[in-house]
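**Q** Just dropping this structure here.
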Amino acid sequence: METTDKEILRGGQFLVKETKCEDVFTLEDLSEEQKMMRESTKEFVDRELWAHWERFENKDYAYTEETMRKAGELGLLSVAVPESYGGMGMGFVSTMLVCDYISGATGSFSTAFGAHTGIGTMPITLYGTEEQKQKYVPKLASGEWFGAYCLTEPGAGSDANSGKTKAVLSDDGKYYSISGQKVWISNAGFCNLFIVFARIEDDKNITGFIVENDPSNGITLGEEERKLGIHSSSTRQVFFSDTKVPIENMLSERGNGFKIAMNALNIGRIKLAAACLEAQRRVIGEATKYANERIQFKTPIINFGAIKAKIANMATNCYADESASYRAAKNIEDRIAMRQAAGNSHQEAELKGVEEYAIECSILKVAASEDVQNTTDEGIQIFGGMGFSADTPMESAWRDARIARIYEGTNEINRMLVVGMLVKKAMKGHVDLLGPATKVGEELMGIPSFDVPDFSELFAEEKDLLARLKKVFLMVAGSAVQKYGPDLENHQQLMLSAADILIEIYMAESTILRTEKNAKRFGEEAQSTQIAMSRLYLYTAVDTIIQKGKEAIVSFAEGDEQRMMLMGLRRFTKYTNQPNVVALRTQIADRVAADNGYTFD
1 METTDKEILR GGQFLVKETK CEDVFTLEDL SEEQKMMRES TKEFVDRELW AHWERFENKD
61 YAYTEETMRK AGELGLLSVA VPESYGGMGM GFVSTMLVCD YISGATGSFS TAFGAHTGIG
121 TMPITLYGTE EQKQKYVPKL ASGEWFGAYC LTEPGAGSDA NSGKTKAVLS DDGKYYSISG
181 QKVWISNAGF CNLFIVFARI EDDKNITGFI VENDPSNGIT LGEEERKLGI HSSSTRQVFF
241 SDTKVPIENM LSERGNGFKI AMNALNIGRI KLAAACLEAQ RRVIGEATKY ANERIQFKTP
301 IINFGAIKAK IANMATNCYA DESASYRAAK NIEDRIAMRQ AAGNSHQEAE LKGVEEYAIE
361 CSILKVAASE DVQNTTDEGI QIFGGMGFSA DTPMESAWRD ARIARIYEGT NEINRMLVVG
421 MLVKKAMKGH VDLLGPATKV GEELMGIPSF DVPDFSELFA EEKDLLARLK KVFLMVAGSA
481 VQKYGPDLEN HQQLMLSAAD ILIEIYMAES TILRTEKNAK RFGEEAQSTQ IAMSRLYLYT
541 AVDTIIQKGK EAIVSFAEGD EQRMMLMGLR RFTKYTNQPN VVALRTQIAD RVAADNGYTF
601 D
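Position 49 of the sequence shown, counted from 1, bears residue number 49 in UniProt numbering, the numbering being contiguous throughout.
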């Protein structure tokens, strides 16, 4: 499909512009080449990772390094690297796909993989000079070398730009001496190269450097950290003491480090969402097999409604996360292609392409990381006492999932970003929020229509409801911006509520559009379970939006304005025909049980 500039919605525009189902990319749209890649990735995971999950739990760091080398030999570390630097030069969707399916067996490996291919390699491919790329990227792409990323410090976590690590230029101007302490550095124990952020003099912003790991050059490592999960992911402190770095190893220009760090996080966020997908699928598979086999009260426990509800909710959330992740990935890929066609370099096109969808990247990071946590938690519950035992993989899956809500920016920070970035885009004129918000305000003052629309077509009612849920966000966020202006960012609890509304809208819409597209292709009967999942997801999304909308309205509006907005909230979230939630869950769970696992990818 040729994609023109007009057809691609800009980041955040999903809120104010309609997306046709034909314009979203779904997992069912994968090319033959992509399907083959998925299969070979899954084979690698089953053979090298899943079959040895206990080794990862027993802190076998050497095995993590060994499997990373094997991944390098298979080309799995080079998917996102341009061919000119020894990589496969695959598109953004393919890089998401590998990240997705390689990450399901153990958080230890997926952290090592993500840290190396993402923040360990990507800053050089996207910001490096030609010389830097030729020198380092082929070694990183092949797995001959491994990379790590040194940003966090004891006093600089979420406030990344407040780091104290110093870089001092030598008298002869040939090198910088770096001194400082970095913490929580993934891959530190076996990496050959660090991307290090340090401050030159009293610069406002930090600067990035490529630093080779040479212990004789003032680099020492702390002991391996003792962690709740991701046991075999090497995580150490790194100390730099007058570490000499040639000036040609500065990454990008002086003071550009904070920008590099933020853009690396944008890409990291959508990749982290992808890394939470296969973990959910595998947990659902294990839990379903167990529930099919476990007999209590003379029947398999899968036959109990309480277990069916869990399986259905787990499958539905996974399906929603897939739908939204691959929708955004293709938007990014198309935007990159468009910028390259317009004459941008690969570096510029990729940076700007991902930056355009930074809102969606943050939405996905929050949604998928919280879903994988809930799924692993319910997985333990379905296994009962066995789930609590370290002899089954549920317990380790639950512990490994916990980090996903913290790294690549905490979920709280990402929620703030979702709303903050959208407001900024509106101020720049990239997303028209003011016009639609004003219209919603006028609609609240008018007399509501009592006509019942024709809902005979598939998803007609759901799409009508979605359009109204967008009005809830515009009503709440529009009034909050009007009231607080730039000071809105100091009202964090309001921003959190608004973010949750926006997240649910994007996730529910992505799910419905994927299913609608596939129902048109494969027929409604073939998609009956996916239709049920889409309806169930929307139903729970509406509940969340009612709760968060009400919380926001009663916290910043008073008197007539409050009454008017609460009335609007009721009107905008009202179903004409309520779905039968128990029937939907039963239908979904019965299909997952019959397939003995999650089979919607």
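Even for Gly, the Cβ is constructed at its ideal location relative to N, Cα and C.
Check for me: the alpha helix (DSSP H) holding E278 runs from which residue to which?
**A** Here the question's residue 278 lines up with position 278 in the sequence shown. First-last of the alpha helix (DSSP H) with E278: 277-293.
**Q** What does DSSP give as the partner residues of A499 in its beta bridges?
**A** In the sequence shown, counting from the first residue as 1, residue 499 sits at position 499. BP columns for A499 are empty, so no partner.
**Q** Roughly how many whole angstroms lie between the Cα atoms of E489 and D560?
**A** Translated into the one-based positions of the sequence shown, residue 489 becomes position 489. Translated into the one-based positions of the sequence shown, residue 560 becomes position 560. About 25 angstroms.
**Q** Report the start-end ranges of each beta strand (DSSP E) in the segment 213-238 that is 3 residues or longer and not cut off at the edges.
**A** Runs of the beta strand (DSSP E) inside the segment 213-238: 219-221.
**Q** Starting from the C-beta of A291, find all residues in its chain whose C-beta is less than 6 angstroms away, skip the five residues before and the five after it, and write them out in chain order.
**A** For the purposes of this step, residue 291 is identified with residue 291 of the sequence shown, where counting begins at 1. Closer than 6 angstroms at Cβ, skipping near neighbours: I301, I302, I307, I382.
**Q** Can you name the start and end residues of the beta strand (DSSP E) that I195 belongs to?
**A** The residue you call residue 195 lines up with position 195 of the sequence shown. Note, I195: beta strand (DSSP E), 193-200.
**Q** Helix or strand or just coil, what does DSSP make of A167?
**A** Translated into the one-based positions of the sequence shown, residue 167 becomes position 167. A167: strand per DSSP, three-state reduction.
**Q** Express the C-alpha separation of A320 and V366 in angstroms, rounding to a whole number.
**A** By 1-based counting over the sequence shown, the position of residue 366 is 366. By 1-based counting over the sequence shown, the position of residue 320 is 320. Computed Cα separation, rounded: 13 angstroms.
**Q** Do you know how far the Cα of F209 is from the Cα of residue 602?
**A** This structure leaves residue 602 out entirely; the chain is present only between 1 and 601.
**Q** Would the beta-carbon of I503 fall within 9 angstroms of that of T515?
**A** Here residue 503 is taken as the residue at index 503 of the sequence shown, counted from 1. Here residue 515 is taken as the residue at index 515 of the sequence shown, counted from 1. Not a contact, by the Cβ cut-off of 9 angstroms.
**Q** Give me the Cα-Cα distance between T4 and L30, rounded to the nearest whole angstrom.
**A** Mapped onto the sequence shown, residue 4 falls at position 4. Mapped onto the sequence shown, residue 30 falls at position 30. With a pLDDT of only 47 at T4, under the threshold of 50, the placement of this residue in the model should not be trusted, and no figure is reported.
**Q** Are the CB atoms of E360 and F14 within a distance shorter than 9 angstroms?
**A** Indexing the sequence shown from 1 puts residue 14 at position 14. Indexing the sequence shown from 1 puts residue 360 at position 360. Yes; because the gap between Cβ atoms is below 9 angstroms, this pair is in contact.
**Q** Express the C-alpha separation of G180 and T220 in angstroms, rounding to a whole number.
**A** Your numbering for residue 220 matches position 220 in the sequence shown. Your numbering for residue 180 matches position 180 in the sequence shown. The straight-line gap from Cα to Cα measures roughly 11 angstroms.
**Q** I need the straight-line Cα distance from M1 to S389, nearest angstrom please.
**A** Within the sequence shown, residue 1 is the residue found at index 1, counting from 1. Within the sequence shown, residue 389 is the residue found at index 389, counting from 1. Residue placement at M1 is flagged as unreliable, the pLDDT there being 42, under the threshold of 50; a coordinate-derived value is accordingly withheld.
**Q** With a CB to CB cut of under 7 angstroms and the five nearest residues on each side skipped, what residues in its chain are close to I230?
**A** Stepping through the sequence shown from its first residue, residue 230 is reached at position 230. Cβ neighbours of I230 beyond the five flanking positions: G107, S108, T111, D400, I403.
**Q** Taking C-beta to C-beta, are E350 and I336 nearer than 9 angstroms?
**A** For the purposes of this step, residue 350 is identified with residue 350 of the sequence shown, where counting begins at 1. For the purposes of this step, residue 336 is identified with residue 336 of the sequence shown, where counting begins at 1. It is a contact, given that the beta carbons lie within the stated cut-off.
**Q** G87 and V79 - do their beta-carbons sit closer together than 9 angstroms?
**A** Here residue 79 refers to the residue found at position 79 when the sequence shown is read from its first residue. Here residue 87 refers to the residue found at position 87 when the sequence shown is read from its first residue. Yes, the pair counts as a contact, with Cβ atoms nearer than the cut-off.
**Q** Using the beta-carbon count (16 or more within 10 Å), is Y127 buried or exposed?
**A** For this step, residue 127 is matched to residue 127 along the sequence shown. The residue is buried, with at least 16 neighbouring Cβ atoms inside 10 Å.
**Q** Around the C-beta of T64, are 16 or more other C-beta atoms found within 10 angstroms, so that it is buried, or is it exposed?
**A** As a position in the sequence shown, residue 64 is number 64, starting the count at 1. T64 should be labelled buried.
**Q** Quick one: using the 10 Å Cβ neighbour count with 16 as the cut-off for buried, is M36 buried or exposed?
**A** The residue given as residue 36 occupies position 36 in the sequence shown. So M36 ends up on the exposed side.
**Q** With distances taken Cα to Cα, identify the nearest neighbour of A467 among R294, T573, L277, G11.
**A** Here residue 467 refers to the residue found at position 467 when the sequence shown is read from its first residue. Here the closest residue by C-alpha is T573.
**Q** Pull up the CB-CB distance for R415 and A499, whole angstroms please, since I reckon it's below 8 angstroms.
**A** The count along the sequence shown starts at 1 and reaches residue 415 at position 415. The count along the sequence shown starts at 1 and reaches residue 499 at position 499. Indeed, because the Cβ distance is near 4 angstroms, the residues count as touching under 8 angstroms.
**Q** CB-CB under 7 angstroms to V168, same chain, minus the five flanking residues each way: which ones, in chain order?
**A** To locate residue 168, count along the sequence shown from 1; it is residue 168. Once the five neighbours on either side are set aside, the close Cβ partners of V168 are Y176, S177.
**Q** Please report how far the alpha carbon of K352 lies from the alpha carbon of D451, in whole angstroms.
**A** Translated into positions along the sequence shown, residue 352 becomes position 352. Translated into positions along the sequence shown, residue 451 becomes position 451. Cα-Cα distance, rounded: 45 angstroms.
**Q** For G523, is the classification buried or exposed, using 16 other Cβ atoms within 10 angstroms of its Cβ as the cut-off for buried?
**A** What you label residue 523 is simply residue 523 of the sequence shown in a count that begins at 1. Exposed, since its Cβ has fewer than 16 Cβ neighbours within 10 Å.
**Q** What first and last residue would you give for the alpha helix (DSSP H) that runs through K139?
**A** Taking the first residue of the sequence shown as position 1, residue 139 is located at position 139. Taken as a continuous stretch (DSSP letters only), the alpha helix (DSSP H) holding K139 covers 130-142.
**Q** Could you check the C-alpha separation between Q492 and E43 for me, to the nearest Å?
**A** Position 492 of the sequence shown, counting from 1, holds the residue named residue 492. Position 43 of the sequence shown, counting from 1, holds the residue named residue 43. So the alpha carbons of these two residues sit roughly 45 angstroms apart.
**Q** Please report the distance separating the alpha-carbon of A324 from that of T26.
**A** Position 324 of the sequence shown, counted from the first residue, corresponds to residue 324. Position 26 of the sequence shown, counted from the first residue, corresponds to residue 26. Their backbone Cα atoms lie some 9 angstroms apart in a straight line.
**Q** Is the distance from the Cβ of V81 to the Cβ of V137 below 9 angstroms?
**A** The sequence position of residue 81 within the sequence shown is 81, counting from 1. The sequence position of residue 137 within the sequence shown is 137, counting from 1. Going by C-beta atoms, V81 is nearer than 9 angstroms to V137.
**Q** Rounded to whole angstroms, what's the CA-CA distance from R237 to E333? Just pull it up for me.
**A** Your numbering for residue 237 matches position 237 in the sequence shown. Your numbering for residue 333 matches position 333 in the sequence shown. Looking at the sequence shown, residue 237 is not Arg but Gln. Each residue's Cα considered, the two are about 36 angstroms apart.
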